[in-house]
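In the UniProt record's numbering, the protein residues as written are 1 to 774. Using N, Cα and C, we set each Cβ at its ideal position, and we do this for glycine too. These notes concern the structure reproduced below.
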DNA sequence: TTAGGCGCTGTTTTT
DNA sequence: CAGCGCCTAA
């Protein structure tokens, strides 16, 4: 290893790195070498005889965890870093809970519900309580539940908390507490934890089982926490418990970059740290190595508008650099075009690569205009965030099978797959099963296993029994085969893979490829040895828990791909780029219209703006549009108030019409390198663009067939391919093929006069076989 | 029982 | 401009 690793540090950094014992708070300004300090400190701990097994480092993103691990390895050389416990709060606790969850009555292979799963459970319960889900919106209710858990509030406490109850009363949603209680019970019954449970139950475990607490207190003698300003009360309490014995707690953060209060994070955790422990050492990293003076000065001046910050003075030795460019465009599409044009221009003029650019926006929905313009310019890009791979419907469906194989208690997942692909177990049947399950207080799956005793008959019983048998066979296979083989078998037995393969539409093709990709990822998981601490758990259960915690940003090998990156500002935290475009700087968009009602909210938006600005190393472009499409309608927007908060001397406003509200972009005669010559006039612009929508090819030519006088439907079982048939409406036709289960056959019939080929469900649409009498 | 069409509604950020 | 829920045809 590099023996001189301390030499690369400045004085403050070295002080932070070499303070090994006791509570330590590192206030790390943007670009001040925070990750370097953290990783070097871990290495230094190990150089001073601390066993890797005794170090716990918690981060907020998998990406940060991965980077930290890699950098420690690099400093140390060899594979000493292998035994470190580095990960996100959620993934580390999920791993710990895997061994101790049974103490709380959960299976160790508990399912992890993502936000969609959780909302779906909430919705089910709202419906069960006969409440109106237009009023008790699952989203809102789930957010309340989530907030409760993040403050370690149980359903009982929630229902007895005066203040909380007042809030719910005022919102006219007095039953949220009841829903929370039922939600918690349902998740428990399902053997499932949501994201918040991973923290909440961890706390419950440590509180309720002193021997477990002692075990981890002993194990994690040194604890480090990244992005401490974004921790919530649950995380705070857990850390406090874990660190109570040794008090070797090192937190790193920057109150100016606290942007997750909507997720329950409280900035108080970092502001109060000094009061929480005796003899806290505070080290401030104030030298910025990332940005030009211009960029840093703008950032500093804007953030100074916030109150109650930890005092610090971020400075840099870097050059002054270009002024920040402020650009006003007429529409959101012009904004997209400007950014793409400028990227092309900057690549030529200053020899940047695609990967040197980032486009940062407040909301995911803003990505569209940039995608379009980048595509038109043939500039490769990648969008981070949005729907992650694992949230796609086909993936969730497939994973639901695997989840049920691992954890049959998981009712949510069973419901997802019990009739996918269609096997004749419909809404009515599912409702019955739910009722039996609730009445008898047994799991959904147990009702399925005993379907006959519960009085299911005929086709339904058969369908249920087939389903149960199939799932049983998967479970048996899992004992002998690895996760990949079982997954492949699931794809085959359920016909899912074949079905998608036969779907030749673009979306069908994409879905098929996604499933293949999923199978590959399972294969990779089973075959690659992990270096994740003590986790050498290659089981399917372990795999499922891991992937639920994966984000879109964690996917793929993007490090080396040369693409422009598009993401929300939230997603950009911790990253840096030579050239940054922060776009959509308009009132009600940024700051968000949802966050301008209180000083606290607005200050968080301002911190977000601070984060956006400080991502830039050498060039920063800020853009806003006079009008943009929102809710499918053209909307006029005022420039963001943050624009006025920036010091003039570092801003080049010549592309923003000089001053605020100075005419519109089109009339001002301002152009950027002559690239906006084809801009539309305002009059043209206001005309809505109506796209010519080609009418769907109508297969239904006027089908006014009069049925034969002796028309009588024939038994579907008698139908065969090649037969001539008559339909009451479509007239005469020929059966081309038949598919589907025997009790639910679907015929493809060609009706020459009735509009061509049609799929007919024989149970519902009647066909008569035409008997050739001569 | 299911798919697909139509109209209503809601829109921030994410582990 | 979605994505969802409800209704209808098959």
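- Leaving aside the five residues that flank residue 26 on each side, the residues in its chain whose CB is nearer than 6 angstroms to its CB run, in chain order, 16, 252 and 283.
- Its chain contains 250 and 281 as the residues whose beta carbon lies nearer than 6 angstroms to that of residue 24, once the 5 sequence neighbours on both sides are disregarded; these appear in chain order.
- Cβ contact annotation for residue 174 (same chain, cutoff 8 angstroms, sequence separation greater than five): 165 and 168, in chain order.
- According to the DSSP assignment, residue 518 belongs to no beta strand (DSSP E) but to the alpha helix (DSSP H) extending over 506 to 527.
- The bridge partners DSSP lists for residue 630 are 633.
- Between residue 618 and residue 591, the C-beta gap is not smaller than 8 angstroms, which leaves the two residues out of contact.
- Around the beta carbon of residue 642, 16 or more other beta carbons lie within 10 angstroms, which makes this residue buried.
- Per DSSP, reduced to three states, the secondary structure at residue 586 is strand.
- Taking residue 94 as the centre and dropping the five residues before and after it, the same chain places the C-beta of 198 and 545 closer than 6 angstroms to its C-beta, in chain order.
- The C-beta of residue 117 has 16 or more other C-beta atoms within 10 Å across all chains shown, which makes the residue buried.
- Runs of alpha helix (DSSP H) with 4 or more residues, each lying fully within the stretch 198 to 267, are found at 210 to 219 and 233 to 243, listed in chain order.
- The Cβ neighbour count for residue 317, taken over all protein chains shown within 10 Å, is under 16; the residue is labelled exposed.
- In this structure, residue 403 sits away from residue 388, with a CB-CB distance that is not shorter than 8 angstroms.
- A contact between stretches requires three or more CB pairs, one per stretch, nearer than 8 angstroms, and the stretch 361 to 376 meets this requirement with the stretch 336 to 353.
- Here residue 303 really is in contact with residue 607; their C-beta atoms are around 7 angstroms apart, less than 8 angstroms.
- For residue 62, the uninterrupted alpha helix (DSSP H) run begins and ends at 62 to 76, by DSSP.
- If you look at residue 43, you'll find it in the alpha helix (DSSP H) that goes 34 to 47.
- Taking a contact to require three or more Cβ pairs closer than 8 angstroms, the stretch 232 to 245 and the stretch 592 to 607 do not qualify as touching.
- Per DSSP, residue 357 is one residue of the beta strand (DSSP E) stretching across 357 to 361.
- In the structure shown, the three-state DSSP call for residue 578 is strand.
- Where residue 328 is concerned, the enclosing beta strand (DSSP E) starts and stops at 324 to 331.
- Taking the Cα of residue 439 as reference, the smallest distance to any Cα among 454, 584, 90 and 40 is reached at 454.
- In the structure shown, residue 449 falls within a helical segment according to DSSP collapsed to helix, strand and coil.
- Around the CB of residue 119, 16 or more other CB atoms lie within 10 Å, so the residue is classed as buried.
- By the criterion of at least three beta-carbon pairs nearer than 8 angstroms, the stretch 174 to 188 is not in contact with the stretch 258 to 278.
- Under the three-state reduction of DSSP output, residue 428 falls in the helix class.
- Contact check for residue 526 and residue 482: beta-carbon distance about 5 angstroms, within the 8 angstroms limit, so the pair qualifies.
- In this structure, residue 360 and residue 651 do not form a Cβ contact; the two beta carbons are roughly 18 angstroms apart against a cut-off of 8 angstroms.
- Put simply, of 574, 37, 411 and 653 the residue whose alpha carbon is nearest the alpha carbon of residue 190 is 411.
- Judged by DSSP secondary structure, residue 18 falls within the alpha helix (DSSP H) whose first and last residues are 11 to 18.
- Separation of residue 289 and residue 254 (C-alpha to C-alpha, rounded to the nearest whole angstrom) is 16 angstroms.
- By the criterion of at least three beta-carbon pairs nearer than 8 angstroms, the stretch 390 to 398 is in contact with the stretch 514 to 522.
- With the rule of 3 Cβ pairs closer than 8 angstroms, the stretch 205 to 215 does not count as touching the stretch 32 to 42.
- Counting the other CB atoms within 10 Å of its CB gives residue 233 a total of 16 or more, which places it among the buried residues.
- Per DSSP, residue 25 is one residue of the beta strand (DSSP E) stretching across 24 to 28.
- Boundaries of the beta strand (DSSP E) harbouring residue 567: 564 to 568, taken from the DSSP string.
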